[in-house]
Each structure stands twice: as structure tokens, then as C-alpha cells.
Amino acid sequence: MGNLVSKVNSILRFFIIALLAIMVIAVFLQVLFRFLLDQPLAWTEELARYLLIWITFLGSAYAMSIKAHIGTEYIQKYLSPHMNKVVLVIAALCSLIFFLVMVQQGYLLSARSMTQTSPTLLVPMGYVYMVIPISGALLIMNVIHVTWKDITGKE
Numbered sequence: 003m004g005n006l007v008s009k010v011n012s013i014l015r016f017f018i019i020a021l022l023a024i025m026v027i028a029v030f031l032q033v034l035f036r037f038l039l040d041q042p043l044a045w046t047e048e049l050a051r052y053l054l055i056w057i058t059f060l061g062s063a064y065a066m067s068i069k070a071h072i073g074t075e076y077i078q079k080y081l082s083p084h085m086n087k088v089v090l091v092i093a094a095l096c097s098l099i100f101f102l103v104m105v106q107q108g109y110l111l112s113a114r115s116m117t118q119t120s121p122t123l124l125v126p127m128g129y130v131y132m133v134i135p136i137s138g139a140l141l142i143m144n145v146i147h148v149t150w151k152d153i154t155g156k157e
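Every position in the sequence shown, counted from 1, becomes a number in the numbering used here once 2 is added.
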């Protein structure tokens, strides 16, 4: 399982970098056209906004895989090894409940929003909101994997 999770996270990391590169290009074009050519591009601002949303949500899933989120480390250093594992499991269960709600409600939101289009790009807003259930599923995968590694010490 660890190998599959690592491959998914590698693809996720590459995808986030690609989205960031596209966003940088869009913002650069916006600045170039607005200030040098005095002809602002309307679509670049909207594209950059939606890419930032995707980068944020997918980045949180990737951050979970490398344990970059805040945790209970301060409390854990005062606990016994057994209580550490209990705290990790409780934190993981609370996170899992939230991520499951995120997947379910995010899917409903994106499905309802497929008929609404964005003002400039004319993209269905459901595609913008689809990142919520996608990142929720990736967060579930990563929180299970990270918690399993922390408790058992193996992949």
C-alpha cells in the first residue's frame, strides 16, 4: 500500500507544480497586458483564482502526506508511547470524519454547480468545486497511511 500511496503523492506533487506554473504564467500575462499594452485580459484573473483554489486544496492533501500540518506533538512528548498511539488514532478519526463530510458535501456541491458557468471562462463551476471531494479522498488516503506508519512503524 505504501508504494501506491507514494506514487499517487508523486503524481499529486507534479500536478500541483504544473498548476502553479500555469498560474504564474497567467498572472504574468495579466501584468504584461495590463501595464505594458494597456489591454487587460479578463480571463487571466479568473483562471489564477481557480488555480489557486485547486493548488490550496490539493496542496493540503500533499502536506498531509509529508506531515506538514499542525499536530499534537507538544502534548505527545509528555505522554507514554501507548497514550501517544491513542492520541494519534483519535486525531486521525476526527480528521477522517471531517474528510468524509468533505467528500460527500463537496460532491453534492459540485454536482449542483455544473449548470452554473464562470463569468469569463464559461467553465461549469462544478469543475472548480470538484477539487473538494478529490482532495478529501486524497486526504483520507494520506491520513490513513501516515497514521498507520506512525502507529506501526512500517509502510
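Glycine is no exception: its CB is placed at the ideal position from the N, C-alpha and C atoms.
Source: prediction; values computed, not measured.
- DSSP places PRO42 in the coil class of the three-state scheme, outside both helix and strand.
- Non-local C-beta neighbours of LEU43 in its own chain, meaning closer than 7 Å and more than five positions away in sequence, comprise LEU31, GLN32 and PHE35, ordered along the chain.
- Relative to the Cα of ALA63, the nearest Cα in the group TRP150, LYS156 and ASN144 belongs to ASN144.
- Under the three-state reduction of DSSP, PRO83 is assigned to helix.
- DSSP lists THR119 as the bridge partner or partners of PRO126.
- Exclusion of the five residues before and after GLN41 leaves PHE35 as the residues of its chain whose Cβ lies within less than 8 Å of its Cβ.
- At a Cβ-Cβ threshold of 9 Å, LEU140 and MET25 do not count as neighbours.
- Between the alpha carbons of LYS151 and GLY73 lies a distance of about 15 Å.
- Cβ contact annotation for SER112 (same chain, cutoff 6 Å, sequence separation greater than five): GLY128, TYR131 and MET132, in chain order.
- When rounded, the separation of the alpha-carbon atoms in TYR80 and VAL7 is 31 Å.
- Around the C-beta of HIS84, fewer than 16 other C-beta atoms lie within 10 Å, and the residue is accordingly described as exposed.
- In summary, PHE37 is exposed, with fewer than 16 beta-carbon neighbours lying within 10 Å of its beta-carbon over all protein chains present.
- If you draw a 10 Å sphere on the C-beta of THR46, you find 16 or more other C-beta atoms in it, and that means buried.
- A direct Cα-to-Cα measurement between ILE99 and THR117 gives close to 29 Å.
- LEU123 is positioned such that its CB atom lies no closer than 9 Å to that of TYR76.
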